[in-house]
């Protein structure tokens, strides 16, 4: 039986400054690593850079909080937590070319 818990975390992003800008590449790389490990399933940033949404798959709230505390941008993020019953998405692959 799968005992993993799903969460959507909506982060309000603080006002943009030089320090925050310098942390973005490291934050992006961490999110990609967490995706490869299965801890993060999806993430997105609003066009105005005011919101970050991250879908997590974790054992419990403690693991979620530990993961978020490791974010390079943690001091610039205000999280709101949404426990999820389930999460589905459609994955579309690019059409293959026989050329």
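Numbering (my numbering), first residue to last: 9 to 107.
From the three backbone atoms N, C-alpha and C, an ideal C-beta is built for every residue, glycine too.
Predicted model, so just to flag it, every value in this text is computed and none were measured.
Next on the checklist: Checking 8 Å against the spacing of the C-beta atoms, do residue 85 and residue 32 come in under that value?
Outcome noted: no
Item to check | From 44, 37, 62 and 43, residue whose alpha carbon lies closest to that of residue 88 | outcome: 62
Checklist entry - Near residue 18, what residues of its chain come up, given a Cβ to Cβ distance below 6 Å and the 5 sequence neighbours on each side ignored? => result 61 and 88
Checklist entry - For residue 27, which of 83, 96 and 90 has the nearest alpha-carbon? => result 83
Next on the checklist: Only counting the same chain, and skipping five residues up and downstream in sequence, which positions put a Cβ closer than 7 Å to that of residue 46?
Outcome noted: 65
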